[in-house]
Each structure stands twice: as C-alpha cells, then as structure tokens.
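Top to bottom, those sequences are chains B and Y. Going by our numbering, the first residue of the first sequence is number 1, and it counts up by one from there. Going by our numbering, the first residue of the second sequence is number 79, and it counts up by one from there. C-beta atoms are modelled at their ideal positions from N, C-alpha and C, and glycine is treated no differently. Here is the structure we will look at, set down as structure tokens.
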Amino acid sequence: MTKQVPEPNAELLSAEDIHQDVMTLTTALEQRKAERKAYHILSRPDIRNLLDRILASGICTTEEEAIERALTILISGS
Amino acid sequence: MTDTTELDKIVAVSNTGPLVSAFQCGRIDLLKRYFSLLYITTSEVQELDGHGWLDEITQLIGEGFVVVAELTDSEKKQAETVAKRIARSHKNTRSDWRDDLAEAEAIILMQNRPDLNVALILLDEKAARQVAGEMGLKMTGFPGILGRAGLDGILTKDDIRHLLKTCQQQGTYYGDKLIETLVENYGR
C-alpha cells in the first residue's frame with residue numbers, strides 16, 4: 001500500500017510556533033527531572049524525619065517553607 | 079546539553095502527524111529519546127491504517143511504546159464537538175469535521191484523563207493546535223522535537239535539513255524557508 005500523509009494540505013507550523021514547541025518540550029522535561037529529584041530526596045527516611053521535626057516544632061508551617069529556609073541559610077549562613 | 083535519563087522521559091498523547099513524520103524519516107528513536115510512552119486513540123489507528131502506516135504503528139504498539147486508548151461514548155461525543163470546532167478553524171476550504179476526528183479524540187484524551195499523567199500532546203496541524211491551545215493544553219510537534227534534539231547536540235544542521243526534506247518529499251508540508259530557519263536555529 002502506498003504510504004500517504006493523512007492531511008497533505010494541512011496548514012503546518014511557523015518558526016515562532018516551533019520555537020514555542022521547543023520551549024514547551026524543554027520545560028516539560030525539566031519538570032519531570034525536578035519531580036524525580038524531589039521524589040528521591042523527599043522519600044528518604046532521614047529527610048522525612050527532619051521535615052517532620054521542623055513542622056512539629058512550628059519553625060516552619062510547610063515543607064516547602066522548610067526547604068526554602070534551609071537552602072537560604074546554607075547559602076547565606078544566617 | 080539536556081540530561082535525559084530513562085526516568086526523565088515524559089508521557090504524551092500523539093496525533094498521527096508527528097508519528098507519520100517520524101515514520102517518514104525513519105527517526106522514531108527521536109520520539110523514544112524524550113517520551114516513555116505515547117497514547118493514541120482508535121480513530122488514529124484507523125487513520126494510520128488508511129494511509130499505509132499500519133505495520134509501523136503495530137510494531138510500536140507491540141513494543142509497548144504506543145498504547146491505544148479507547149474513548150468512552152461520552153468522550154466520543156465531546157470529540158465530535160471539538161472536531162467541528164477544528165473544522166471551523168481551518169483557513170483552507172476543507173470543512174468536513176469528520177476529517178478532524180482523530181485530532182479531536184487525541185485532544186479529548188489528554189484533557190479528560192489526568193490519571194494517564196500526560197505532559198504534552200504532539201500535534202502538528204495548525205487548526206487543531208489552535209483549538210488545543212484555546213483549551214489550555216501544552217503541546218509540541220515533530221519539528222519541535224527535532225529542535226530539542228538539535229539543541230541537545232545529537233542532530234547537526236545537515237541532519238535537520240535532511241530529515242525535514244525527507245518528510246517534505248513524502249508529502250508532509252514543510253516550506254523550504256521554514257526548514258532553513260530551523261536548521262540555523264537548532265542545528266549543531
């Protein structure tokens with residue numbers, strides 16, 4: 001059977017469309033990578049224990065806040 | 079260079095166009111580089127079959143890289159509505175909404191199935207992309223995948239030109255000016 005394109009006359013993409021496509025794909029891949037890294041670190045029992053202790057102490061109200069403050073302290077030393 | 083280990087690949091719904099382009103130029107490996115799984119619908123399988131690509135898609139289904147999802151009756155009704163919307167968006171004279179059903183089903187599949195963990199829809203046809211964009215769906219297309227591969231350093235300028243020209247010669251419409259722009263923007 002002869003191979004054909006389903007819609008040979010379809011209007012396809014512009015250079016701007018493709019630039020946006022590359023950015024969208026890149027963002028999705030980076031998000032997937034970030035999710036994997038976050039999952040691995042947050043599923044470690046020692047890290048979970050530290051986060052639970054921080055939240056229980058009331059120093060931070062969310063895990064996100066605890067992580068952000070920990071990183072800030074690490075870089076600024078304060 | 080972007081690090082894409084096995085675990086960092088993403089799941090997508092694909093319309094037939096990007097798959098056909100990958101078949102035409104023999105580069106399914108580029109899809110496998112970035113995607114762990116592609117969902118398609120039964121209408122898309124029928125469309126691919128009707129245009130001579132059944133063996134190729136059957137092989138990918140057998141490998142488990144492509145999974146065929148069956149839409150519910152309710153979803154099929156929604157897809158008809160979307161197909162009519164796509165048909166109205168065409169700038170050319172084609173107006174039979176049934177010709178847009180495969181794209182519409184892919185759009186509905188992505189919109190309705192958050193449990194599939196789909197990150198993107200692969201869609202190359204402008205009118206369908208316009209509707210998908212209006213529905214808030216994230217999308218890319220085959221040229222975008224080539225662009226990403228070029229930025230990752232695995233496709234040269236000559237590679238990108240050759241792949242798009244190969245698709246062009248087999249009937250997929252990529253203008254010469256667009257091809258050269260992509261070659262310059264993304265080729266290594």
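Inter-residue spacing [alpha-carbon to alpha-carbon] between residue i and residue j
i, j, result
"P6 of chain B", "L97 of chain Y", "11 Å"
"V123 of chain Y", "K37 of chain B", "36 Å"
"K154 of chain Y", "E63 of chain B", "42 Å"
"E203 of chain Y", "L13 of chain B", "7 Å"
"D151 of chain Y", "A56 of chain B", "49 Å"
"K110 of chain Y", "F143 of chain Y", "8 Å"
"D254 of chain Y", "T2 of chain B", "25 Å"
"Y39 of chain B", "I47 of chain B", "11 Å"
"H129 of chain Y", "L229 of chain Y", "32 Å"
"S99 of chain Y", "A227 of chain Y", "15 Å"
"I223 of chain Y", "A66 of chain B", "37 Å"
"S173 of chain Y", "T61 of chain B", "56 Å"
"T119 of chain Y", "G231 of chain Y", "33 Å"
"L149 of chain Y", "L260 of chain Y", "36 Å"
"S114 of chain Y", "G95 of chain Y", "19 Å"
"E16 of chain B", "L50 of chain B", "47 Å"
"L42 of chain B", "I73 of chain B", "19 Å"
"R44 of chain B", "G265 of chain Y", "41 Å"
"P221 of chain Y", "A157 of chain Y", "26 Å"
"A184 of chain Y", "S76 of chain B", "49 Å"
"S167 of chain Y", "M213 of chain Y", "14 Å"
"H19 of chain B", "Q4 of chain B", "27 Å"
"C245 of chain Y", "I238 of chain Y", "11 Å"
"L187 of chain Y", "V22 of chain B", "22 Å"
"L201 of chain Y", "E262 of chain Y", "23 Å"
"L241 of chain Y", "T24 of chain B", "21 Å"
"R69 of chain B", "D52 of chain B", "15 Å"
Within chain Y, the residues that residue i reaches when beta carbons sit closer than 8 Å
i, result
"L55 of chain B", "Correct list: empty, because the minimum Cβ distance to chain Y is about 28 Å."
"A82 of chain B", "There is simply no residue 82 of chain B to check, as chain B begins at 1 and stops at 78 in what is shown."
"T61 of chain B", "Per Cβ cutoff of 8 Å: no residues; T61 of chain B is ~28 Å from chain Y at best."
For residue j and residue i, believed in contact at Cβ under 8 Å, the rounded distance
i, j, result
"A210 of chain Y", "I199 of chain Y", "6 Å"
"I257 of chain Y", "K235 of chain Y", "In fact, because the Cβ distance is near 11 Å, the residues do not count as touching under 8 Å."
"I106 of chain Y", "L132 of chain Y", "Actually they are not in contact, since the Cβ atoms of I106 of chain Y and L132 of chain Y sit about 15 Å apart, beyond 8 Å."
"A197 of chain Y", "A34 of chain B", "12 Å between Cβ atoms; not a contact."
"A206 of chain Y", "D178 of chain Y", "7 Å"
"A161 of chain Y", "E125 of chain Y", "With a Cβ gap of about 12 Å, A161 of chain Y and E125 of chain Y do not count as contacting."
"Q102 of chain Y", "T250 of chain Y", "6 Å"
"Y117 of chain Y", "A147 of chain Y", "5 Å"
Partners in chain B for residue i, counting only beta-carbon separations shorter than 9 Å
i, result
"E212 of chain Y", "Within chain B, no residue comes near E212 of chain Y; the closest Cβ sits about 15 Å away, beyond 9 Å."
"R226 of chain Y", "D21, V22, L25, T26 and L29"
"L229 of chain Y", "V22 and T26"
Neighbouring residues, chain Y, relative to residue i (Cβ below 9 Å)
i, result
"L12 of chain B", "G95, D202, E203, K204, G219, P221, T250, Y251, Y252, G253 and L256"
"R44 of chain B", "Here the premise fails: no neighbours, minimum Cβ distance about 17 Å."
Partners in chain B for residue i, counting only beta-carbon separations shorter than 8 Å
i, result
"D237 of chain Y", "Result: empty, since nearest Cβ-Cβ is about 16 Å, beyond 8 Å."
"L149 of chain Y", "Within 8 Å Cβ-Cβ: nothing; L149 of chain Y doesn't reach chain B, min ~19 Å."
"V98 of chain Y", "V5 and P6"
"I185 of chain Y", "Chain B residues near I185 of chain Y: none, gap ~15 Å exceeds 8 Å."
"I88 of chain Y", "A28, L29 and R32"
Per-residue contacts from residue i into chain Y (C-beta, under 7 Å)
i, result
"T2 of chain B", "G130"
"I41 of chain B", "Within chain Y, no residue comes near I41 of chain B; the closest Cβ sits about 14 Å away, beyond 7 Å."
Does the structure place the segment 178-198 of chain Y close enough to the segment 86-100 of chain Y that three or more beta carbon pairs sit under 8 Å? Touching, yes, given that three or more Cβ pairs across the two stretches are closer than 8 Å.
At a CB distance below 8 Å, what residues from the segment 188-220 of chain Y approach chain B? Give them in sequence order. Residues A197, L198, D202, E203, K204, A205, R207, K216, M217, T218 and G219.
Pull out every residue of the segment 110-143 of chain Y whose Cβ sits closer than 7 Å to any Cβ of chain B, in chain order. Residues Y112, E125, H129, G130 and W131.
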